[in-house]
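Student: Mind looking over this structure? Questions follow.
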DNA sequence: CATTATATTGATGTATACAACAAATGTCAA
DNA sequence: TTGACATTTGTTGTATACATCAATATAATG
């Protein structure tokens, strides 16, 4: 490399991992694309070593598949992968609310109830709060394995937001979040857990419906089952 | 490298990953050890590239920690890690029995009931069947994320077997397995699921007690909390 | 003797050259 | 035209040299 424009403290491999992942979940790199290491080297301004490291991690997270001697394939979003992702969420998140919700101070829940009731938040901010809320319960579990698997799926879920952003479900979801937080304050953990389950199932349905609808008019690269 | 004794079809990075992992879970490399890439290169007869790849994967599975500029540390087995592992198992496995148990043919369950009733099986064989039985439900889920996370923890659990092998709980566990399989045949999924939960909790207790006992007489490198 | 500054060491991070291999392409013959 | 076969191309797999940085040892100085 000629000149490193910036010598950040982060290692290149970490940087490569984060930016590549970001490009994938934001659909800047389209699902189904096949890339080569060289392309990624150029894209990320790094040599093959950190790029390979990043790709290897992304493969373990099921975001890409390495096809030896053929290329690096960005995994498609299939109906099956939606099923998998929400299966995990439906198992993990309600359990986290039930078992670890009481580790979170009431003040935190109170802050969320306020935020979930505010209207006209910028979309970006709204989603950030949303993600944070869900993440919070997993973090509270203080369990590396829960955190690992949730990190995998949370990033995947971001990809769906590109599809369904600014939909009519946004404010319904806010209300569901509100109810969950409110019941956490009241110590109604079982109810909160059930509401979380319902909320996630609703999200899944919304995505499934959206995908089925837009799949009728062709022109999308998202669906289609995983081939080969 | 001078001479490759065998040019197996497997890639070196895959081979390095598997053998290194095997050495760790079998405690051939003791928990708490700090290694360097060079040591691993020599041990695995490979250059740094495949070794780094292997270590990177093992880090994601929480088996080792890479301390930049210091070395590769084989994570210790702490009371906290036991808690984490069994937390995952208690959530995942009973749910898998309940939701996916009916995907497994009765003949399979019947075969297991026979095997769990056989006495005087070689220890190794006994454990193999045991692992296979537990794994089966996760595999039946047909969910990549469940399989990933279970692969992580299953390997870790193997390490505990080095500690507690041939203990008095072995035949009790076999009986518990029998009851689970028998209830799966009868279609009593909820009962089977509860029995699975109980079985896992019993296993945890046995390990915890064992660890606490042997911890009194010093001489073990397994426990001790993770430092730094 | 203590303490600070400096030099050395040794570890991973990074870049890159080379090997191996599979797919694609083109050529020649039937 | 079509088939088989050789060649070329392009990709990842592997080895290794070099860069970087932190910890440690060492020496000089108050």
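Residue numbers (the working numbering), protein chains in the order written: chain A, 1 to 228; chain B, 1 to 228. From the three backbone atoms N, C-alpha and C, an ideal C-beta is built for every residue, glycine too.
(1) Where does residue 119(B) fall in DSSP's three states?
(2) According to the neighbour-count rule (16 or more other Cβ atoms, all chains shown, within 10 Å of its Cβ), is residue 115(B) buried or exposed?
(3) With C-beta atoms as the reference, is residue 195(A) less than 7 Å away from residue 180(A)?
(4) I'd like the span of the beta strand (DSSP E) that includes residue 73(A), first residue to last.
(5) With a threshold of 7 Å between beta-carbons, can residue 144(B) be considered close to chain A, or not?
(6) Counting only C-beta atoms, is residue 190(B) closer than 7 Å to chain A at any point?
(7) Assuming contact is defined by CB atoms lying nearer than 7 Å, are residue 81(B) and residue 73(B) in contact in what I supplied?
(8) Say whether the stretch 83-99 of chain A touches the stretch 139-155 of chain B, bearing in mind that this needs 3 or more beta-carbon pairs closer than 8 Å, one atom from each stretch.
(9) What residue range does the beta strand (DSSP E) around residue 64(B) cover?
(10) Please compile the residues from chain A whose C-beta is within a distance smaller than 8 Å of the C-beta of residue 91(B).
(11) Could you give the DSSP three-state label for residue 30(A): helix, strand or coil?
(12) I'd like to know whether the C-beta atoms of residue 200(B) and residue 160(B) end up nearer to each other than 7 Å.
(13) Which residues, in chain order, does the stretch 55-70 of chain A contribute to contact with chain B at a C-beta distance below 9 Å?
(14) Are the beta-carbon atoms belonging to residue 57(B) and residue 17(B) less than 7 Å from one another?
(15) What's the C-alpha gap between residue 156(B) and residue 182(B)?
(16) Can you tell me which of 205(A), 68(A), 111(A), 136(A) puts its alpha carbon nearest to the alpha carbon of residue 10(B)?
(17) Using a Cβ cut-off of 7 Å (strictly closer), state whether residue 149(A) contacts chain B.
(18) Straight-line CA distance for residue 186(B) to residue 54(B)?
(19) Please compile the residues from chain B whose C-beta is within a distance smaller than 7 Å of the C-beta of residue 84(A).
(20) What does residue 153(A) reach in chain B if we use C-beta pairs closer than 9 Å?
(21) With distances taken between CB atoms, is the gap from residue 31(A) to residue 77(A) smaller than 7 Å?
(22) Using a Cβ cut-off of 9 Å, which residues of the stretch 170-186 of chain A contact any Cβ in chain B, in chain order?
(23) So, at 6 Å on beta carbons, what are the nonlocal neighbours of residue 231(B) in its own chain, with the 5 sequence-adjacent residues on each side left out?
(24) Between the stretch 24-56 of chain A and chain B, which residues of the former have CB atoms less than 7 Å from a CB of the latter, in chain order?
(25) Round the Cβ separation of residue 100(B) and residue 137(B) to the nearest angstrom and send it over; I've been treating them as touching at under 8 Å.
(26) Under a CB-based cut-off of 7 Å, is residue 88(A) close to chain B?
(27) Between residue 7(A) and chain B, is there a C-beta pair that is closer than 7 Å?
(28) Tell whether a beta-carbon distance below 7 Å holds between residue 71(A) and residue 36(A).
(29) What is the rounded straight-line gap between the Cα of residue 177(B) and the Cα of residue 21(A)?
(30) What's the C-alpha gap between residue 131(B) and residue 149(A)?
(31) Cα separation between residue 33(A) and residue 124(A)?
(32) For residue 35(A), which beta-bridge partners are listed by DSSP?
(33) Out of 129(B), 151(B), 163(B), 203(B), which one is the CA nearest neighbour of residue 172(B)?
(34) Nearest to residue 59(A) by CA position, among 165(A), 166(A), 152(A), 175(A), is which residue?
(35) Distance, Cα to Cα, residue 127(A) vs residue 25(A)?
Tutor: The relevant details are as follows:
(1) coil
(2) buried
(3) yes
(4) 71-74
(5) yes
(6) no
(7) no
(8) yes
(9) 64-67
(10) 91, 92, 95
(11) coil
(12) no
(13) 56, 57, 60, 61, 62, 68
(14) yes
(15) 28 Å
(16) 68(A)
(17) yes
(18) 44 Å
(19) 143, 144, 145
(20) 145
(21) yes
(22) none
(23) This structure leaves residue 231(B) out entirely; chain B is present only between 1 and 228.
(24) 53, 56
(25) 6 Å
(26) yes
(27) For residue 7(A), the pLDDT reaches just 39, beneath the cut-off of 50, and the residue's location in the model is therefore unreliable, leaving the point undetermined.
(28) yes
(29) 42 Å
(30) 22 Å
(31) 27 Å
(32) 72(A)
(33) 203(B)
(34) 152(A)
(35) 15 Å
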